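The structure appears below as structure tokens.
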Amino acid sequence: MMATEAGGALLLIALMALVTLLARLGGVLLMSVVPMGRRVEGFINAMAGSVLVAVLVPVAVEADTAGQLALLATAVLMALYRRPMPAIAAGILVAALVRAV
Amino acid sequence: MVMSDRAAPELSLALCRQGFWRLLPISLFVAVFGAAFGLAAVQAGLPGHEILLMSATVFAGTAQFAALEMWGTEVPVLPLLATTFAINARMLLMGATLYPWMSRLPPGQRYASLVVLSDANWAMNLNDLQSGRNTLGALVGGGFALWLTWLTGTLAGMVFGSAISDPRALGVDMVMGCFMLSMVLAGRRTSRTVLAWVVGGLAAYAAYRWLPENSHVLVGALAGGLVGALWLEDKP
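Below is the structure:
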């Protein structure tokens, strides 16, 4: 435990910032010591999309019906036109409209 | 794609400015979450300068909200740092996916441009790189836009907190979700990447349900990555 008075809070914030910075820099740092082969490159290329999907899973599971319909609208528009901004705008509009009803 | 074909990604002021404007629309929604954090931090009893310092230096919304849960006159140091790391460990993976391009940069530029790594600017920049736009403008310029609006939002929440109406009614809580989803679907779709999404998604769901909190991103991303390691792209 650390007390938040007498500068303790500032130290805690600095430690949090340091841990977060390590996470930001660490991925590239680690990869720079891993020998790059076709398997490693295949791994990180496939991981790229999976990170996003994994971030999305709880969002989609925990969202209310309006939120889930918003994601559906975005997915449909992306599948049809592949233009992110209109797809995102449509998703938000759907969420707002469904909740207003 | 063969690595040796790649040139170092470009990183000029003009490209960063372009990235700033491209990420600004999404950043404005990030400001709303910043305001929610500012308000919650005031309610948790943090003094103003500490709240602003945290938003400016940590710059990671979910981890900051989690920290508020543990904040008091006494704070458990190791649980706080372990939680911060667990929530932000996804940044390790995001950084790693940029490595094939970043490796061409001198180390100073490489690590300096990662300082503002965040979900939205990473996703957009990775899309750029994968579709042949060999720049880091979205990461750096967009990262600055996100940082600036996160900080401004925090301040707004501290000052006008109680005046914020329900952002859910406007659908604002779904902005990040819709953005991330559009970034998934904007990428190159092959049967290999789709299988990686499905495996990664199922693994993330299982981890979310049955494994410790905050482990779902790591589990899902690593499971999806394994698909790519086992099912190699055809030699060009």
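If you read the protein sequences in the order shown, they are chains U and Y. The first sequence runs contiguously to residue 564 in the working numbering. The second sequence runs contiguously to residue 266 in the working numbering. Ideal Cβ placement from N, Cα and C applies to all residues, glycine included. Given the structure is predicted, the values throughout are model-derived calculations rather than measurements.
Per DSSP, which one or two residues make a beta bridge with A466(U)? Looking up residue 466(U) in the first sequence gives position 3. E104(Y), per the DSSP bridge assignment.
Answer yes or no: does any C-beta atom of chain U fall closer than 8 Å to that of F209(Y)? One-based indexing of the second sequence puts residue 209(Y) at position 179. So yes, F209(Y) belongs to the interface.
Can a CB atom of chain U be found closer than 8 Å to the CB of F115(Y)? For the purposes of this step, residue 115(Y) is identified with residue 85 of the second sequence, where counting begins at 1. Interface residue, yes.
For D149(Y), decide whether its Cβ has a neighbour in chain U, counting only Cβ atoms nearer than 8 Å. Residue 149(Y) sits at position 119 when you count from the first residue of the second sequence. Judged by the 8 Å Cβ criterion, D149(Y) is in contact with chain U.
Please report how far the alpha carbon of A550(U) lies from the alpha carbon of L556(U), in whole angstroms. Translated into positions along the first sequence, residue 550(U) becomes position 87. Translated into positions along the first sequence, residue 556(U) becomes position 93. Distance from the CA atom of A550(U) to the CA atom of L556(U), rounded to whole angstroms, is 10 Å.
Bridge-paired residues (DSSP) for E40(Y): Position 10 of the second sequence, counted from the start, is the residue given in the question as residue 40(Y). Beta-bridge pairing by DSSP links E40(Y) to T165(Y).
Using a Cβ-Cβ cut-off of 6 Å (strictly less than) and excluding sequence neighbours within five positions of T165(Y), which residues of its own chain qualify? Locating residue 165(Y) in the second sequence gives position 135, where the first residue counts as 1. Answer for T165(Y): P39, E40, L45, listed in chain order.
Interfacial residues, the region 87–106 of chain Y to chain U, with Cβ spacing under 9 Å: Within the region 87–106 of chain Y, the qualifying residues are T87, V88, F89, A90, A93, Q94, A97, W101, G102, T103, E104, V105, P106.
According to a CB-to-CB cut-off of less than 7 Å, which residues of the region 67–82 of chain Y neighbour chain U? Listed by position, the residues of the region 67–82 of chain Y near chain U (Cβ gap below 7 Å) are E80.
For the region 214–250 of chain Y, which segments carrying the alpha helix (DSSP H) assignment without a break, of at least 4 residues, lie completely within its bounds, in sequence order? Considered as a whole, the region 214–250 of chain Y harbours 221–240 as its complete alpha helix (DSSP H) runs of no fewer than 4 residues, in chain order.
Mind checking whether G490(U) and G230(Y) have CB atoms under 8 Å apart? Taking the first residue of the first sequence as 1, we reach residue 490(U) at position 27. Taking the first residue of the second sequence as 1, we reach residue 230(Y) at position 200. Between G490(U) and G230(Y), the gap from beta carbon to beta carbon reaches 8 Å or more.
Only counting the same chain, and skipping five residues up and downstream in sequence, which positions put a Cβ closer than 7 Å to that of V503(U)? The residue labelled residue 503(U) in the question sits at position 40 within the first sequence. The residues V497, in chain order, have a CB closer than 7 Å to that of V503(U) in the same chain once the five nearest residues on each side in sequence are set aside.
Whether A226(Y) touches G68(Y) by CB criterion (8 Å): Translated into positions along the second sequence, residue 226(Y) becomes position 196. Translated into positions along the second sequence, residue 68(Y) becomes position 38. Result no, Cβ atoms of A226(Y) and G68(Y) do not sit closer than 8 Å.
Please compile the residues from chain U whose C-beta is within a distance smaller than 8 Å of the C-beta of R198(Y). In the second sequence, counting from the first residue as 1, residue 198(Y) sits at position 168. Near R198(Y) (Cβ distances below 8 Å), the residues of chain U are R562.
Length of the line joining the Cα atoms of A523(U) and V202(Y): In the first sequence, residue 523(U) corresponds to position 60, counting from 1. In the second sequence, residue 202(Y) corresponds to position 172, counting from 1. One alpha carbon belongs to A523(U), the other to V202(Y), and they sit about 15 Å apart.
If you draw a straight line from the alpha carbon of F59(Y) to that of P137(Y), how long is it in whole angstroms? Walking along the second sequence from the start, residue 59(Y) turns up at place 29. Walking along the second sequence from the start, residue 137(Y) turns up at place 107. Cα to Cα, F59(Y) sits roughly 32 Å from P137(Y).
Taking 8 Å as the threshold (C-beta atoms), are V146(Y) and G167(Y) in contact? As a first step, residue 167(Y) is located in the second sequence; it is residue number 137 there, counting from the start. As a first step, residue 146(Y) is located in the second sequence; it is residue number 116 there, counting from the start. In this structure, G167(Y) sits away from V146(Y), with a CB-CB distance that is not shorter than 8 Å.
Give the interface partners of G554(U) over in chain Y, defined as CB-CB distance under 7 Å, in chain order. For the purposes of this step, residue 554(U) is taken as residue 91 along the first sequence, with counting starting at 1. Within chain Y, the residues near G554(U) are M204, C208.
If we require 4 or more residues per run, which alpha helix (DSSP H) segments fall completely within the region 133–202 of chain Y? Counting whole runs of 4 or more residues, the region 133–202 of chain Y contains the alpha helix (DSSP H) stretches 137–144, 149–160, 167–190.
In terms of residues, what are the limits of the alpha helix (DSSP H) holding R487(U)? The residue given as residue 487(U) occupies position 24 in the first sequence. 471–494 is the extent of the alpha helix (DSSP H) around R487(U).
Looking at C-beta atoms only, is the number of pairs between the region 470–484 of chain U and the region 200–219 of chain Y that lie closer than 8 Å three or more? Touching, no.
Taking its Cβ as the centre, do 16 or more other Cβ atoms sit within 10 Å of M31(Y), making it buried, or is it exposed? Here residue 31(Y) corresponds to residue number 1 of the second sequence, with the count starting at 1. Confidence is the limiting factor: at M31(Y) the pLDDT is only 44, short of 50, which leaves the residue's position unreliable and the question unanswerable from this model.
With 16 other CB atoms within 10 Å as the buried threshold, where does D264(Y) fall? Residue 264(Y) sits at position 234 when you count from the first residue of the second sequence. Flag for D264(Y) reads exposed.
Starting from the beta carbon of V145(Y), find every residue of chain U whose beta carbon is closer than 9 Å, and list them in chain order. Counted from its first residue, the second sequence places residue 145(Y) at position 115. By Cβ distance, chain U contributes L484, R487, L488.
So, helix, strand or coil for G500(U), using DSSP? In the first sequence, the residue the question calls residue 500(U) occupies position 37. G500(U): coil per DSSP, three-state reduction.
Distance CB(A66(Y))-CB(L98(Y)) smaller than 8 Å: For this step, residue 66(Y) is matched to residue 36 along the second sequence. For this step, residue 98(Y) is matched to residue 68 along the second sequence. Annotated as distal: A66(Y) and L98(Y), with beta-carbon spacing of 8 Å or more.
Is the separation between the beta-carbon of M210(Y) and that of D149(Y) shorter than 8 Å? For the purposes of this step, residue 210(Y) is taken as the residue at position 180 of the second sequence. For the purposes of this step, residue 149(Y) is taken as the residue at position 119 of the second sequence. Yes, these two residues count as a Cβ contact at 8 Å.
Quick check: is the beta carbon of T528(U) nearer than 8 Å to any beta carbon in chain Y? In the first sequence, the residue the question calls residue 528(U) occupies position 65. Judged by the 8 Å Cβ criterion, T528(U) is not in contact with chain Y.
L135(Y) versus G250(Y), S42(Y), N157(Y), residue with shortest Cα-Cα distance: Counting from 1 along the second sequence, the entry for residue 135(Y) is found at position 105. Taking only the C-alpha atoms, the option nearest L135(Y) is S42(Y).
Distance between beta carbons of S161(Y) and M541(U), contact taken as under 8 Å: If you number the first sequence from 1, residue 541(U) lands on position 78. If you number the second sequence from 1, residue 161(Y) lands on position 131. The pair is not a contact, with the Cβ atoms about 14 Å apart (cut-off 8 Å).
Using a Cβ cut-off of 9 Å, pull out every chain U residue sitting near E263(Y), in sequence order please. Here the question's residue 263(Y) lines up with position 233 in the second sequence. Simply R501, E504, G505, N508.
State yes or no: is the beta carbon of M33(Y) nearer than 8 Å to at least one beta carbon in chain U? The count along the second sequence starts at 1 and reaches residue 33(Y) at position 3. Per-residue confidence for M33(Y) stands at a pLDDT of 49, beneath the threshold of 50, marking its modelled position as unreliable; no derived number is given.
Between G217(Y) and chain U, is the shortest Cβ-Cβ distance under 8 Å, so that the two count as touching? Numbered from 1 along the second sequence, position 187 holds the residue referred to as residue 217(Y). Interface annotation, G217(Y): in contact with chain U, CB-CB separation under 8 Å.
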